[in-house]
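Heads up, the thing below is written out as structure tokens.
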Amino acid sequence: MPGFQKLVLLAGSEKKEPRDKAVGEVPDASILDVTLVVQRKKLLPDLKNGMPSGFKVLSRKKFELEYGASKKSFALIEMFANQHGFTIAGMQNERRAVTLKGSAAEMKKAFGLSMKMYQTPKGDVYRGRSGAIMIPEELIPVIEGVFGLDDRVAARAMFLYRKDGDIRARAVGLSYNPNDLASIYNFPTDATGKGQCIGIIELGGGYRINEIQQYFTDLNLPIPQITAISVDGGVNNPDDGSGANAEVALDIEVAGAVAPAAKIAVYFAPNTDQGFLNAITTALHDTANNPSVISISWGQAESGWTQQSLTSFNDAFQSAAALGVTVFAAAGDSGSDDSVGDGKAHVDFPASSPYVIGCGGTNLTADPTNGITAETVWHAAADSATGGGVSDVFDLPDYQGRASVPPSANDGKRIGRGVPDVSAVADPATGYNILVDGQMAVIGGTSAVAPLMAGLTALLNEKLGKPVGFLSPVIYGGQGAGFNDITQGDNITTPNNLGYTAGFAWDACTGWGSPDGVAIYDLISGQYTS
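If you use our numbering, the sequence shown corresponds to residues 72 to 601, in order.
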């Protein structure tokens, strides 16, 4: 019988103390829900460069049997929980997740840490921790990460309203319906997304079904079938005061206008690292809705994540590749600074995961009849520019080996994972017409590009008769085929001019460029039949 007496450091769990004001200790009697992410019973193959010989996309059931958690691991955690009086509120083998419920006093004792309450300048109060999490020595081979002890905000939504006072907006006066962008970007017209499900991750806000119905009726499009899924208590709540309704509306309305026959499953979770991760893994293993593509419009700079978060999220995206689920994520809306403000260039996560397709942004002048007149890097201001650059965390994947990813702007030496991979219109000055909170608005941000590409993927999946799955090796194998190259502009937003400039072929502002949907289909179908 394990004693669970000796506590040792859980590698990668170190967290910086919040900058906000500490306002007291966490009450000992308060009840916490904590998620333990358990190691796989067997390592997944490295899928970053496509499926290795003999490995095929797995069904969700087969994945659970081969790459879920082991019964032995769960048994050890159950003994640990019993010793501390925790209730096991959930145990999911496929997600490798165990949810423990217990008092703050017992959580502090079990994980060898202290926690405090903090208050933001806006008055919001949250629970925070600093330093490392400690776990019993016997659980080191079992536990990958511990989430939920700290519930500070984890990510920001990557959308921006077009400002009435924006001189460029008044001068250009451009905005687009998402279905018109599908025409401009030459998306296939012989598919509607029928039989597909698009998963959307949301960390706040909500939608009003009457507004959704009105929006699609006004576009003369079918009203999509939308299902809201609650994760960790997150719900569809347009009155939650988070300011995220515009993100939710943008994601649903863009994806639904591009793939009007696709089902849309929206996974609502709290805006914490625990909620974010659990939303992603819930979507991946959702056998009721079976999403084949996931859109993520939330993130923050890599430097804002713990190593355990980066590892567990990236493992989830590796699972997506094995399951044949395509994942798109917004690359950020504040250029090379990525809202960090330390003078260095940064990239956004989860867009920087090598298993995710990072989505950058452009400024677009076009119309559905004549197509694209001009398209450049989106860079209107320091807080209104596409993210992109070189990862400080993830090494260069082999599929980017011929993409001429530049050295990091920070040291001129490191060549890591390059972001983004693709791009589309994101500048609010040439943005998307969206109905939200009873008003039509023009909204931009790289968060619009993720659902746009997710909608395209639903069309491709329908046409091919199977999910395209992990697309990056195919996209990079095409060396720009299927994309409109963006060669003008930059995303340099740091005070000391660290950042990246567009050029021919792949660049760290717009990736390969904006999509030509039919050409992407030709590229992918050629790969499938070759």
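Glycine is no exception: its CB is placed at the ideal position from the N, C-alpha and C atoms. Here the structure is a predicted model, which is why all the values come from computation and not from measurement.
Problem set entry | residue 568 burial status per 10 Å Cβ neighbour count (16 or more: buried) | Burial check for residue 568: the Cβ neighbour count within 10 Å stays below 16, so the residue is exposed.
For this session: Tell me, please, which residues DSSP counts as bridged to residue 450.
Result: For residue 450, the pairing in a beta bridge is given by DSSP as 456.
Problem set entry | First through last residue of the beta strand (DSSP E) which encompasses residue 544 | First-last for residue 544: 543-548, but that is the alpha helix (DSSP H), not the beta strand (DSSP E).
Exercise. Can you list, in chain order, the residues of its chain whose CB lies under 8 Å from that of residue 296, leaving out five sequence neighbours each side?
Worked result: 334 and 335
Exercise. By how many angstroms is the C-alpha of residue 262 removed from the C-alpha of residue 90?
Worked result: 50 Å
Exercise. Is the beta carbon of residue 350 less than 9 Å from the beta carbon of residue 338?
Worked result: Closer than 9 Å, so yes.
Exercise. Ends of the alpha helix (DSSP H) at residue 151?
Worked result: Per DSSP, the continuous alpha helix (DSSP H) segment holding residue 151 begins and ends at 142-155.
For this session: Counting only the same chain and skipping the five closest in sequence on each side, list residues whose C-beta sits under 8 Å from that of residue 238.
Result: Residue confidence is low: residue 238 scores 47 on pLDDT, short of 50, so the model does not pin down where it sits. Its coordinate-derived value is still stated next. So no residue of the chain qualifies.
Problem set entry | According to DSSP, residues forming a beta bridge with residue 207 | Answer is 78.
Exercise. Rounded to the nearest angstrom, how far is the Cβ of residue 499 from that of residue 513, given a contact under 8 Å?
Worked result: 6 Å
For this session: Evaluate contact between the stretch 357-365 and the stretch 265-285, counting only Cβ atoms and requiring at least three cross-stretch pairs below 8 Å.
Result: yes
Exercise. Looking at C-alpha atoms only, which residue of 265, 97 and 524 is the closest neighbour of residue 252?
Worked result: Of all alpha-carbon atoms in 265, 97 and 524, the one lying nearest the alpha-carbon of residue 252 is that of 524.
For this session: Please determine, among 234, 210, 203 and 412, the residue with the shortest C-alpha to C-alpha distance to residue 221.
Result: Taking the Cα of residue 221 as reference, the smallest distance to any Cα among 234, 210, 203 and 412 is reached at 203.
For this session: Would you mind reading off the limits of the alpha helix (DSSP H) that contains residue 252?
Result: 249-255 is the span of the alpha helix (DSSP H), which, as asked, contains residue 252.
For this session: Could you name the residues that DSSP lists as bridge partners for residue 516?
Result: DSSP output for residue 516 lists no bridge partner at all.
For this session: Could you give the DSSP three-state label for residue 240: helix, strand or coil?
Result: Any reading at residue 240 is ruled out, since the residue's pLDDT is 49, under 50, leaving its predicted position unreliable.
For this session: Under 7 Å Cβ to Cβ from residue 301, same chain only, skipping five residues before and after it: list those, please.
Result: Apart from sequence neighbours up to five positions away, the residues of its chain that approach residue 301 with a beta-carbon distance below 7 Å are 339, ordered along the chain.
Exercise. Per DSSP, residue 216 forms a beta bridge with which residues?
Worked result: 108
Problem set entry | Opposing strand residues paired with residue 572 [DSSP bridges] | 561
Problem set entry | DSSP state of residue 170 mapped onto helix, strand, coil | In the three-state reduction of the DSSP assignment, residue 170 falls in the strand class.
Exercise. Residue 215 to residue 260, Cα distance in whole Å?
Worked result: The alpha-carbon atoms of residue 215 and residue 260 are separated by roughly 45 Å.
Exercise. Going by alpha carbons, who is nearest to residue 532 out of 571, 510 and 592?
Worked result: 592
For this session: Determine the extent of the alpha helix (DSSP H) in which residue 26 is found, giving its start and end residues.
Result: The structure shown does not extend to residue 26, since the chain is modelled only from 72 through 601, so no value can be given for it.
For this session: Name, in chain order, the residues that DSSP records as bridge partners for residue 188.
Result: 95 and 198
Exercise. Does the distance from the CB of residue 169 to the CB of residue 258 come in under 9 Å?
Worked result: No. Outside cutoff.
Exercise. Any idea if residue 137 is buried or exposed, counting beta-carbon neighbours within 10 angstroms, 16 or more meaning buried?
Worked result: exposed
Problem set entry | Straight-line gap, residue 111 to residue 398 (C-alpha atoms, nearest Å) | 21 Å
For this session: Assuming residue 151 and residue 210 form a contact by the criterion Cβ under 8 Å, report the distance between their Cβ atoms to the nearest whole angstrom.
Result: 6 Å
Exercise. When DSSP labels each residue in this structure, what does residue 363 get in the three-state scheme?
Worked result: coil
Problem set entry | Close-in-space but distant-in-sequence residues of the same chain around residue 217 (CB under 8 Å, 5 per side omitted) | 81, 84, 105, 106, 107, 108, 182, 204, 206 and 379
For this session: Please report how far the alpha carbon of residue 396 lies from the alpha carbon of residue 95, in whole angstroms.
Result: 44 Å
For this session: Note the first and the last residue of the continuous alpha helix (DSSP H) segment covering residue 287.
Result: If you look at residue 287, you'll find it in the alpha helix (DSSP H) that goes 280-289.
Exercise. When the Cα of residue 312 is compared with those of 284, 344, 277 and 298, which residue comes out closest?
Worked result: 277
Exercise. Taking C-alpha atoms, which residue in 98, 304 and 539 lies nearest to residue 608?
Worked result: The chain is shown from 72 up to 601; residue 608 falls before or after that span and cannot be answered.
Exercise. What are the start and end residues of the alpha helix (DSSP H) that includes residue 390?
Worked result: 378-394
For this session: Report buried or exposed for residue 511, applying the criterion of at least 16 other Cβ atoms within 10 angstroms of its Cβ.
Result: exposed
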